[in-house]
Every structure is written in structure tokens, then in C-alpha cells.
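Enquirer: Numbered according to the working numbering, the sequence shown spans residues 2 to 416.
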Amino acid sequence: MKENTNPYEIVKQQIQAAAEKLGLNDGVVQILSRPMRVLSVSFPVKMDDGTIRVFDGYRSQHCDVLGPTKGGIRFHPDVTKDEVVALSMWMTFKCSIVGVPYGGGKGGVICDPRKLSEGELERVSRGFMEAIASFVGPDKDIPAPDIYTNAQVMGWMMDTYSRIKQTYSPAVITGKPLSIGGSRGRSEATARGCVFAIVEAMNQLGKPLACATVAVQGFGNAGRVAANLLHELGCKIVAVCDTTGAIYNPDGLSVEELEHLKDDEHSTINDCHGFSITVDELLELDVDILIPAAMENCITSENAHRIQARIVAEAANGPTTPAADRILAANDVLVIPDVLANAGGVTVSYFEWVQNLMNFYWTEDDINTKLHDAMVTAYRKVTDVAKEYDTDLRTAAFMTALLQLAEAMEARGWV
Ligand code: NAD
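Shown next as C-alpha cells:
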């Protein structure tokens, strides 16, 4: 039977598995198995050639028992409502695991920003914010960047919201440029947090980081910075890929060269010194650390038994299916699950929001120290639960969050 890779079905299975281990109240599971609210929008944008194109998008608010909802906005041709809902559900768990007082939210617009001009991208960004402006807000639901959105997109959205409300409102969105209330360290935070988790995992396994081999799938915000930070720690980055292809060098790729090629609009990472391979081959390389940092469902029951990495650190959301998880666990591959591994992004987004509300800004050292504390505390909390219940880190991470979510639901009289 073909595996169900619908992320909404997957996250429900993950919640169910963790709730069963805890023997949790069915009411808690029922509440968490669907989103609180989902807004579906269509909005017109005038294109450069004078035609009008209508774009479709979604904003999902999963559960606000712990605080206002929070999560990125993705611009991608494959965005679906189920994907956005699933991503908002993962956010609820992620925030709880890392001790950030938010619920889960997520947004997405069906579009391919690589085919839009700068002006069209700005109009899509402003159009989407206009369409969701009454649904979001600093105490309600706070967006951030995700796939193919960046600080500039956040800046346009913050400006649109501020104009509509006629109030300077930096706290409505995070991941903004520094000049309008962005936080130092935010653009590197997802990768930095992931690296803190990897360091903790390697320490617990008693493995040295120096010369550890690393393959990174996806060379954007999360993957590119993770490759750089691990290189600085002495790891050997042997393979990276993006949508243009994958490149491999068993002696280690030059991270400086990759950076240069990525920034040069006439080159791709495939021009780096090394061998061209496929993205599938990259995933199956014999490396110490594999970092999926692109899309969902890249490790499935089809390829999981060929994964040779010792650690899979999920910088991306939802890269591994439940069936693949079982195969990896049986093969003794340590999976640092997305809800833990990439929680550094929302952690520093939270710091950005706090700074905006206080109108008082911290240094990058302050941010990185606080991020380190949050990630290490979360990692140790999750591994303790994993040991106590003799389970994998994903189930343990969901269990850790479920305990807090259930307690808050009880305190608010929901269950
Ligand atoms: P990004 O747009 O900056 O980068 C995505 C990268 O993946 C690009 O290099 C792209 O070329 C590559 N890619 C896309 N599809 C691919 C495919 N099929 N094969 C190979 N490469 C492919 O996005 P990002 O912000 O780095 O997000 C990547 C992942 O990390 C997503 O799952 C996202 O949800 C997750 N994440 C991001 C953040 C954040 O703060 N940006 C936070 C938490 C989680």
C-alpha cells in the first residue's frame, strides 16, 4: 500500500502516538488534531505586463492555549491548505518544546517567487498581508519567514499592516530587516539552533565534531547557514544541493566557494569543485550528519533503509514520514525531529517580538546565549523523556509538549 504523505495526516499520527504513550485525555487529542481557525484568501495582483492575476493563500491558527499563534509564511507553487494546517500544528508543539509562550500558526501563498519580478513580489506580499490583516496581530497571530520569503518580504508586510492600522506595528511580524525592528541573529537562528542540537547529540553519542562529515539538502536560509556554522566547527561539508542540483566531494566542499557561487546570479552550486550527484543520492550518502533543509517527505519508506547517516537533523519541517521514522529507528539512526531541531527560528522570532514590544534591543551575543540555553534545555528535556519512556526523540518531543499543553488546557478549563 502506498504511504500517505499528506502532512496533515502525518502530524495527527505523531500526536496520536505520543498521546497513547502518555495515556492522555482524549479531549486534548481531539482539540489538537485540528486547527482552531483557517482563513482562505484570494487576492488580485497587477502584474508587470498589465494583466491581473488572482493568488490564493491560507493562514492557519492551530491552538492558542499557550499564547498568540506564531509561524512563517511560505511562498511556493505546491502550497496546499493541508500543508499549511500541518505546519501550524507542528508550530504549536515546537513552541512548547522550546519554552516559547506561543501557539502554532502558519501561512502560505500558492506562487513561485522565482518567476516574479521584484515589483510583483512586493505586490503579492502586500496583497496577502492586506487579505489577512484582520486575522493577525501582535497579540493574536504573528507571521515570520519560511520557504521563499525573507526579511524584505516581512518588511513589506509589516509596512502594509502598519498602514492599515495606522500604527507603527513592528511586533506583528518577525524576521524583519534590522532597521525596522528585526532582531540581531534572527536570519541565522534556525540553523544556529539546529547546530546547537547537533552538538548536543554528538556529545551525548561521544562522537567528535571535528572532521564529522555532513550532507545538506537545501541551500537556503536554514541549510546554507547550517553548512557554514558546522564548517566553522571543523566539520567537513561533503555534499549540498538546491533545486538546481547536488554537488559532492568526499574530501569536503569549499564553503567559501559555495557562498560565492550562490551569491553570483550567473552561477549555481553545481559549479563548485566536486562531482554532480542527484538529490536522492545526496540523501543516501555515508555521512555522520544529514541535514534535510528543504521540503517535506524527502525520507519515506521508499528510501529510508538506504539512509546511512548516523544523525538526521531535521532543519526542514516534516522531511521524514512515520514509516521512514520506524525504519531509521530500527537501523539506529538518530533523528533530531523538526519540532526540536529547527525550533531556533521561532525562539529568536520570540526574542524579536519581545524586543519590539519593549522597544529595547539586545546584542547578538545576548541573543545567541539565550538561544543556546533554550536549545540545550529543550534537547535535554526531550532526551530525558525519551529515556524514561524508552522511545524515539520525535515521540518524546511530542510527549514533552503534550504534557504542557494538557496542563494549560486544564488550567483554562478546556478539558
Ligand atoms: P529557503 O527558501 O531559504 O531555502 C530552501 C532551499 O531548499 C533552497 O535552497 C531551495 O533551492 C531548496 N529546495 C527546495 N526544494 C528542493 C528540492 N525538491 N530539492 C532540493 N532542494 C530544494 O527556505 P528555508 O527558510 O531555508 O526553509 C527550509 C526548511 O526549513 C523548510 O522546511 C522550512 O519550513 C524550515 N524552517 C525554516 C525556518 C526559517 O526560519 N527560515 C524556521 C524553521 C523551519
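Idealized CB from N, CA, C, for every residue including glycine. All values reported here derive from a predicted model rather than from experimental measurement.
(1) Can you tell me where the alpha helix (DSSP H) with residue 120 in it begins and where it stops?
(2) In the DSSP assignment, what residue or residues form a beta bridge with residue 60?
(3) Quick check: what's the CA-CA separation for residue 38 versus residue 183?
(4) For the region 201-216 against the region 225-245, do three or more pairs of beta-carbon atoms, one drawn from each stretch, fall closer than 8 angstroms, so that the two count as touching?
(5) Measure from the alpha carbon of residue 301 to the alpha carbon of each residue in 321, 32, 285 and 65, then state which is nearest.
(6) Name the residue from 197, 209, 290 and 75 whose alpha carbon lies nearest to the alpha carbon of residue 378.
(7) Go through its chain and collect everything with a Cβ distance to residue 220's Cβ below 8 angstroms, but skip five positions before and after it.
(8) Express the C-alpha separation of residue 315 and residue 336 in angstroms, rounding to a whole number.
(9) Give a yes or no on contact between the region 58-65 and the region 89-103, applying the rule of three or more CB pairs nearer than 8 angstroms.
(10) How big is the Cα-Cα spacing for residue 278 and residue 285?
(11) Would you say the beta carbon of residue 59 comes nearer than 7 angstroms to a heavy atom of the ligand NAD?
(12) Consider the C-beta atom of residue 146 and the heavy atoms of the ligand ATP; say whether any pair is separated by less than 7 angstroms.
(13) Applying the criterion that 16 or more other CB atoms from any shown protein chain within 10 Å of the CB defines a buried residue, is residue 1 buried or exposed?
(14) Between the C-alpha atoms of residue 395 and residue 340, what's the straight-line distance to the nearest angstrom?
(15) When DSSP labels each residue in this structure, what does residue 329 get in the three-state scheme?
(16) For residue 14, collect the residues of the same chain with a Cβ closer than 8 angstroms to its Cβ; drop the 5 residues on either side in sequence, then sort them by chain order.
(17) Measure the C-alpha to C-alpha separation of residue 24 and residue 36 and round it to an integer number of angstroms.
(18) Would you mind stating whether residue 44 and residue 149 have Cβ atoms separated by less than 8 angstroms?
(19) Is there at least one Cβ from chain B nearer than 8 angstroms to residue 236's Cβ?
(20) In whole angstroms, what is the alpha-carbon distance linking residue 375 and residue 345?
(21) Tell me which same chain residues have a C-beta within less than 8 angstroms of the C-beta of residue 124, skipping the five on either side of it?
(22) By Cβ distance, which residues of its chain are closer than 6 angstroms to residue 188, with the 5 residues on each side in sequence left out?
(23) Would you check if the distance between the CB atom of residue 330 and the CB atom of residue 393 is smaller than 8 angstroms?
(24) With respect to the beta strand (DSSP E) encompassing residue 242, which residues constitute its N-terminal and C-terminal limits?
(25) Name the residue from 415, 363 and 134 whose alpha carbon lies nearest to the alpha carbon of residue 41.
(26) If we ignore side chains and look at the alpha-carbon of each, how far apart do residue 106 and residue 355 end up?
(27) Straight-line CA distance for residue 142 to residue 251?
(28) Give the C-beta separation of residue 289 and residue 311 to the nearest angstrom, bearing in mind that I take them to be a contact with Cβ-Cβ under 8 angstroms.
(29) Excluding the five sequence neighbours on either side, which residues of its own chain have a C-beta within less than 7 angstroms of the C-beta of residue 190, listed in chain order?
(30) Can you grab the Cα-Cα spacing for the pair residue 383 / residue 16, in whole Å?
(31) Can you give me the C-alpha to C-alpha distance between residue 29 and residue 18, rounded to a whole angstrom?
(32) Going by CA-CA distance only, name the one from 50, 151 and 305 that's closest to residue 328.
(33) Candidates 280, 298, 58 and 118: which alpha carbon is nearest residue 10's?
(34) If you run the structure through DSSP and keep just helix, strand and coil, what is residue 145?
(35) What did DSSP end up calling residue 314 once you bin it into helix, strand or coil?
(36) Taking the straight line between their C-alpha atoms, what separation do you get for residue 122 and residue 114?
Expert: If we stick to the structure as given:
(1) 119-133
(2) 40 and 108
(3) 28 angstroms
(4) yes
(5) 321
(6) 197
(7) For residue 220, the CB contacts under 8 angstroms within the same chain, skipping 5 residues up- and downstream, are 228, 241, 242, 243, 259, 263, 270 and 294 in chain order.
(8) 7 angstroms
(9) The region 58-65 vs the region 89-103: in contact.
(10) 11 angstroms
(11) no
(12) You won't find the ligand ATP in this model; what it holds is the ligand NAD.
(13) In the structure displayed, the chain extends from 2 to 416; residue 1 sits before or after that span and is not available.
(14) Taking the straight line from one Cα to the other gives about 8 angstroms.
(15) Residue 329: helix per DSSP, three-state reduction.
(16) 323
(17) 22 angstroms
(18) no
(19) The chain labelled as chain B is not found in the depicted structure, where only one protein chain is given.
(20) C-alpha separation (whole angstroms): 8 angstroms.
(21) 46 and 47
(22) Its chain contains no residue whose beta carbon lies nearer than 6 angstroms to that of residue 188 once the 5 sequence neighbours on both sides are disregarded.
(23) Taking 8 angstroms as the Cβ cut-off, residue 330 and residue 393 qualify as a contacting pair.
(24) 237-243
(25) 134
(26) 18 angstroms
(27) 45 angstroms
(28) 5 angstroms
(29) 345, 346, 348, 349 and 372
(30) Between residue 383 and residue 16, the C-alpha separation is close to 15 angstroms.
(31) 13 angstroms
(32) 305
(33) 298
(34) strand
(35) strand
(36) 6 angstroms
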